[in-house]
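Inspection log for the structure reproduced underneath, given as structure tokens.
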Amino acid sequence: MFYDPTFILLIPALLLAFYAQWKVKSTYAKYSEVACSRGYTGAQVARYILDDFRLQDIAIESTPGELSDHYDPRDRKLRLSQRVYESNSVAAIGVAAHEAGHAIQDAKSYVPLKLRNGLVPMTNLGTTMAFPLFILGMFAGLPQLMDIGIVLFSLAVVFSVVTLPVEFNASSRAIRVLADGNFLTEKELPMARAVLNAAALTYVAATTMAVLNLARLLIMRQQRD
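For the sequence shown, my numbering gives the first residue as 81, with consecutive numbering after it.
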């Protein structure tokens, strides 16, 4: 976004974002080198978990990319990146269990997940149009457009905030299921937890950035009064 004196507000969020990206990549790389003692692959663990929760109808697919793992509630498919799908590392198993946790949330109608899914269309619109409308309103002297931009960006902030409990809950479900199902040893469980905690930090950073950007827009809007 354009520069102005309020940019200083974003510095803490930028530092946190850089740290989070480094943390998730380094932690994932570290525990990708540690093989699971039980010998399970990410795909096998995800399948066992889904079947145990009577979610046999959810397909598990390999998808291109690194850390592109996700659960698609529309197609009811759990897509794992190739490294996670095929690997028997502790990191892969943690990620696979986390994504299975999202499928379990969907099956149990977990309210924050339903809310987040419902916000997707409006959030996409908000992230696309918010800044252009705000900038146009600012330079054209149209405060109404600035207000619309703020409202639209607020939707993205709400989406980021709602995402936090969704991700934290999926991770806690994953660790609990991995422990109860004896997929990982007591020594390996903290490693999987470290991977998921590092991933969760990226969502905290994104939310922090969104909140501070909203504060920035509000300050600039007030300066136009």
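The beta-carbon is built from N, C-alpha and C at its ideal position, and this holds for glycine as well.
**Prompt:** What are the boundary residues of the alpha helix (DSSP H) that includes S117?
**Reply:** Counting along the chain, S117 falls outside any alpha helix (DSSP H), and DSSP gives it neither H nor E.
**Request:** Assign Q224 to buried or exposed, taking buried as 16 or more other Cβ atoms, counted over all protein chains shown, within 10 Å of its Cβ.
**Result:** exposed
**Prompt:** Between P92, R163, I138, which lies nearest to E113 when the distance is taken from Cα to Cα?
**Reply:** R163
**Per-residue burial, M81 [other beta carbons within 10 Å of its own, 16 or more giving buried]** = At M81 the pLDDT is 46, less than 50, meaning the model places this residue with poor confidence and gives no usable figure here.
**Prompt:** Taking the continuous beta strand (DSSP E) assigned at R159, which residues delimit it?
**Reply:** 157-161
**Message:** Measuring alpha carbon to alpha carbon, tell me which residue in I228, R156, K194, P92 is nearest I215.
**Reply:** I228
**Request:** Starting from the Cα of V241, find the closest Cα among C116, Y283, L222, E179 and give me that residue.
**Result:** Y283
**Request:** Could you say if the segment 164-184 and the segment 202-221 meet the contact criterion of at least three C-beta pairs nearer than 8 angstroms?
**Result:** no
**Asked** Going straight from the alpha carbon of P192 to that of Q185, what length do you get?
**Response** 9 angstroms
**Request:** Can you grab the Cα-Cα spacing for the pair L160 / I140, in whole Å?
**Result:** 7 angstroms
**Message:** Would the segment 242-256 count as touching the segment 283-292 if we require 3 or more Cβ pairs under 8 angstroms?
**Reply:** yes
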